[in-house]
Amino acid sequence: EAGVAQSPRYKIIEKRQSVAFWCNPISGHATLYWYQQILGQGPKLLIQFQNNGVVDDSQLPKDRFSAERLKGVDSTLKIQPAKLEDSAVYLCASSSIRGNRYGYTFGSGTRLTVV
Amino acid sequence: AQSVTQPDIHITVSEGASLELRCNYSYGATPYLFWYVQSPGQGLQLLLKYFSGDTLVQGIKGFEAEFKRSQSSFNLRKPSVHWSDAAEYFCAVIMEYGNKLVFGAGTILRVKS
Numbered sequence: 653e654a655g656v657a658q659s660p661r662y663k664i665i666e667k668r669q670s671v672a673f674w675c676n677p678i679s680g681h682a683t684l685y686w687y688q689q690i691l692g693q694g695p696k697l698l699i700q701f702q703n704n705g706v707v708d709d710s711q712l713p714k715d716r717f718s719a720e721r722l723k724g725v726d727s728t729l730k731i732q733p734a735k736l737e738d739s740a741v742y743l744c745a746s747s748s749i750r751g752n753r754y755g756y757t758f759g760s761g762t763r764l765t766v767v
Numbered sequence: 021a022q023s024v025t026q027p028d029i030h031i032t033v034s035e036g037a038s039l040e041l042r043c044n045y046s047y048g049a050t051p052y053l054f055w056y057v058q059s060p061g062q063g064l065q066l067l068l069k070y071f072s073g074d075t076l077v078q079g080i081k082g083f084e085a086e087f088k089r090s091q092s093s094f095n096l097r098k099p100s101v102h103w104s105d106a107a108e109y110f111c112a113v114i115m116e117y118g119n120k121l122v123f124g125a126g127t128i129l130r131v132k133s
């Protein structure tokens, strides 16, 4: 089966600019996650979707970050305006069942550098 | 607070030597437990998982992990390390069914020849 697809792989922007990341999960996976991984840290969950509804966005900085999952498939994560501290790898993951014992499948990530 | 601790930030081992990476969690019940590996510029690959049954679980690439309830630990082991094992390793847990996957800070493994 095809994996989780993410694009772009790399992005460099200036602070206060906007940026968007795209994720296509494994076909049939109802649950989609966006994680932020800052250098030297473990990934941190930003937002979790079940189909096209938000289940958990408690860690999402809502003043600048937004995410949507249209039709319960692809998802887009946006940052506007970006700050220097947003430099990180943004990982998308999907699973067939929310919080299940089989774990998640991760994409290769988008590395964002804010200068 | 529920948490995952990986006490070692960096570990260096010689090629062919054995490896043990430590992971402890803080939670009242037994969570679902995972080890992921991340090579530079890559996403996270699942090495192995535990949710019940035999406390010694086998994974891919020759890795195994042992769940010890009394110590709230889930340490990752490999009997003989290869240079290609150099990567960052993350322990992760799901505290309850339906909850999110929470990661430790990671351990960077360096392999010297």
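For the record, the sequence lines run as chains B and R. Numbering-wise (our numbering), the first sequence opens with residue 653 and increments by one. Numbering-wise (our numbering), the second sequence opens with residue 21 and increments by one. Where is the CB? At the ideal position from N, CA and C, for every residue including glycine. All values reported here derive from a predicted model rather than from experimental measurement.
Asked: Interface partners of Gln693(B) on chain R, CB under 9 Å; Found: Phe123, Ala125 and Gly126
Asked: Sheet register partners of Thr32(R) (DSSP bridge); Found: Arg130(R)
Asked: Reference Ser755(B); option with closest CA among Asp726(B), Ile690(B), Thr683(B) and Thr762(B); Found: According to the sequence as given, residue 755(B) is Gly; it is not Ser. For Gly755(B), the nearest C-alpha among the options comes from Thr683(B).
Asked: Under the three-state DSSP convention, the category Gln693(B) falls into; Found: coil
Asked: First through last residue of the beta strand (DSSP E) which encompasses Ser659(B); Found: Ala657 to Ser659
Asked: Bridge-paired residues (DSSP) for Cys744(B); Found: Trp686(B)
Asked: Rounded C-alpha distance that separates Gly73(R) from Val24(R); Found: 21 Å
Asked: Reference Tyr56(R), options Val131(R), Ser133(R), Lys132(R) and Thr127(R), closest by Cα; Found: Thr127(R)
Asked: Cβ of Gly759(B) within 7 Å of any chain R Cβ; Found: yes
Asked: Member of Pro695(B), Lys714(B), Asn704(B) and Gly705(B) whose CA lies at the smallest distance from the CA of Cys744(B); Found: Pro695(B)
Asked: CB contact flag (Leu697(B), Lys120(R), <7 Å); Found: yes
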